[in-house]
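Residue numbers in the sequence shown follow the numbering used here, run continuously in steps of one, and reach 420 at the last position. Here is the structure we will look at, set down as structure tokens.
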Amino acid sequence: MELAGIGLAGALAGLGLVAGVLAAGWLIVSLLATLATALYLRGLPSAAPADPGPFPPVLVLLPIRANDAAEVEDIRGCLAALAAQDYPGPWRAVLVFEDDRDPAFALAQGLDPARFSTLLAGPGEGRSQKVQNLLVALGTRHPEERIVVTLDADTRPQPNWLAELTRPLRAGRAEIASGYRWMLPEDLPSRLAAIADRGPATFARPRALNLLWGGSTAITAEALQTVKIRRVWGGAMSDCLSLTRAAHAAGLPPWTPRRVLVPSPTRHDWASLFAFARRQMLLTRIYAPLAWASLGIGLLLPVLAVLVLLPAALGGDLAAIAVLGLALGLQQWRASMRAEVARRVLPPADAEAVARAMPGDRLLLPVAHLLQLGIFLASAVGREVRWRGRAYAILSPGSTAVLERDQPAG
11 MELAGIGLAG
21 ALAGLGLVAG
31 VLAAGWLIVS
41 LLATLATALY
51 LRGLPSAAPA
61 DPGPFPPVLV
71 LLPIRANDAA
81 EVEDIRGCLA
91 ALAAQDYPGP
101 WRAVLVFEDD
111 RDPAFALAQG
121 LDPARFSTLL
131 AGPGEGRSQK
141 VQNLLVALGT
151 RHPEERIVVT
161 LDADTRPQPN
171 WLAELTRPLR
181 AGRAEIASGY
191 RWMLPEDLPS
201 RLAAIADRGP
211 ATFARPRALN
221 LLWGGSTAIT
231 AEALQTVKIR
241 RVWGGAMSDC
251 LSLTRAAHAA
261 GLPPWTPRRV
271 LVPSPTRHDW
281 ASLFAFARRQ
291 MLLTRIYAPL
301 AWASLGIGLL
311 LPVLAVLVLL
321 PAALGGDLAA
331 IAVLGLALGL
341 QQWRASMRAE
351 VARRVLPPAD
361 AEAVARAMPG
371 DRLLLPVAHL
381 LQLGIFLASA
391 VGREVRWRGR
401 AYAILSPGST
411 AVLERDQPAG
């Protein structure tokens with residue numbers, strides 16, 4: 011092993027200063043990503059361990075906005091999946107719309123009134139509409155509901171989702187926990203998005219580096235008071251990233267349960283993919299600049315390294331060929347580990363779909379990387395975004411201006 015390391019170091023030195031630095035940086039990033047994925051998989055049991063409880067009352071907040079018939083069907087699937095939760099304790103869900111003109115509003119009328127209630131939040135001012143909906147729904151919490159959960163309406167949570175998401179809180183290991191989505195693509199643009207999204211979905215990392223995803227987050231009532239959630243969300247564009255900042259500042263680093271990867275049907279054309287991905291990265295730049303910069307380094311280094319190493323490799327340089335082969339081999343290994351994560355966590359039909367698509371996904375990995383880099387560069391400028399029929403300007407992490415309403419969703 012030591013001799014191999016010495017040999018690799020010698021090969022990198024033989025590439026020249028610039029090429030050697032870029033190659034070393036690429037290999038370091040690739041090795042760290044592979045280690046993080048391996049640690050994630052190592053700590054992921056094939057089946058959920060027994061859960062002894064306790065199972066206190068839980069309030070689920072579900073902000074909803076549909077733009078077309080396809081999204082209405084997605085929401086119908088989400089509501090059916092939510093109704094099928096096997097959480098042993100009492101729980102209820104609040105569905106909150108901006109107004110009753112929403113195409114999905116009629117879906118709420120046929121739900122069990124003992125489990126589901128409906129609210130109209132009205133238009134948000136100085137915050138995103140999603141945050142407006144969440145704030146209004148949060149006002150309905152009963153004192154005995156010690157855990158509040160947020161869910162996105164374009165997901166299909168597995169029956170054990172609520173129990174697994176709240177498990178760290180109920181066991182006293184954390185005050186805040188957050189899962190992540192697993193995109194189920196329906197077209198080429200969303201397939202590329204799904205390939206890129208599997209990286210953050212399957213990285214094991216210290217809690218101090220965790221970011222929340224609002225599509226699947228649980229927080230105790232005590233933590234809501236500690237972070238002063240109404241002040242945090244008062245002028246926020248992003249519910250999850252603003253809460254992430256407040257949680258870390260309050261010394262409450264989020265827990266990420268590894269079995270909470272929520273299936274999320276995804277469809278995009280190229281324009282909506284760009285708008286969606288740029289919005290996510292721009293929000294990260296504003297709310298979590300170190301995470302955004304780290305992502306940029308991880309995206310830029312491989313491209314620069316390939317640009318330098320590929321001509322040398324084509325010319326027969328064995329060191330360049332070795333570096334390219336090792337880095338690409340690690341990339342393919344990560345893809346295999348992520349397929350195994352899907353097999354252990356997702357419903358069987360979804361896991362099988364991931365396995366069937368894997369040969370093509372392996373070939374698309376470089377394309378997804380380049381697309382992600384281009385969108386990252388686009389997120390480096392500007393503070394305006396479109397989201398669910400609205401145009402916003404993000405003045406600061408705690409201040410948002412609504413520029414336009416009822417525009418086509420981006």
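Even for Gly, the Cβ is constructed at its ideal location relative to N, Cα and C.
Local conformation of residue i per DSSP, three classes
| i | result |
| --- | --- |
| V28 | helix |
| L129 | strand |
| V412 | strand |
| S304 | helix |
| S346 | helix |
| V391 | coil |
| Y97 | coil |
| W397 | strand |
| F115 | helix |
| W266 | First, the residue type needs correcting, since residue 266 is Thr and not Trp in the sequence shown. Here T266 sits in coil by DSSP. |
| Q417 | Summary for Q417: the model assigns pLDDT 45, below 50, so the residue's position carries little reliability, and this model does not support an answer. |
| A403 | strand |
| I157 | strand |
| S138 | coil |
| F284 | helix |
| I16 | At I16 the pLDDT is 49, less than 50, meaning the model places this residue with poor confidence and gives no usable figure here. |
| P73 | strand |
| R277 | coil |
| A58 | coil |
| M11 | Because the pLDDT at M11 is just 45, under 50, the model does not fix this residue reliably, and the point stays unresolved. |
| R151 | coil |
| R121 | Position check: residue 121 holds Leu in this sequence, whereas Arg was assumed. The answer is coil: DSSP assigns L121 none of H, G, I, E or B. |
| A430 | With the chain running from 11 to 420 in the structure shown, residue 430 is simply not present. |
| A103 | strand |
| R86 | helix |
| P195 | strand |
| A43 | helix |
| D78 | coil |
Span of the beta strand (DSSP E) around residue i
| i | result |
| --- | --- |
| I186 | 186–188 |
| L54 | That residue, L54, is in no beta strand (DSSP E); it is neither H nor E in DSSP. |
Bounding residues of the alpha helix (DSSP H) (the contiguous stretch that carries residue i)
| i | result |
| --- | --- |
| L374 | 358–388 |
| A173 | 171–180 |
Beta-carbon gap between residue i and residue j smaller than 8 Å
| i | j | result |
| --- | --- | --- |
| A275 | R166 | Looking at the sequence itself, residue 275 is Pro, so the reference to Ala does not match. Yes, they are a contact pair. |
| V351 | T212 | yes |
| C88 | A203 | no |
| L8 | A323 | This structure does not reach residue 8, given that the chain is present from 11 up to 420, and the question cannot be answered. |
| A349 | M368 | yes |
| L434 | R86 | In this structure the chain extends from 11 to 420, so residue 434 is not present and cannot be described. |
| L340 | T44 | yes |
| M247 | I404 | yes |
| P199 | D279 | yes |
| A337 | P312 | yes |
| D112 | R75 | yes |
| E196 | R277 | yes |
| V355 | R269 | yes |
| M291 | I205 | no |
| D96 | A34 | no |
| V159 | L71 | yes |
| P263 | A187 | no |
| G30 | P67 | no |
| V146 | A114 | no |
| F107 | L130 | yes |
| T227 | Y297 | no |
| R353 | A363 | no |
Residue-level contact to chain C via CB, residue i, 8 Å cutoff
| i | result |
| --- | --- |
| R151 | Chain labels in this structure do not include chain C; a single protein chain is all it has. |
Length-filtered (4 minimum) alpha helix (DSSP H) runs lying within the region 197–264: 198–211, 231–236, 239–243, 249–259
Cβ pair count under 8 Å reaching 3, the region 57–68 against the region 124–142: no
contact_flag[the region 207–221, the region 186–198] where n(CB pairs < 8 Å) is 3 or more: yes
Three CB pairs or more closer than 8 Å across the region 215–226 and the region 235–243: no
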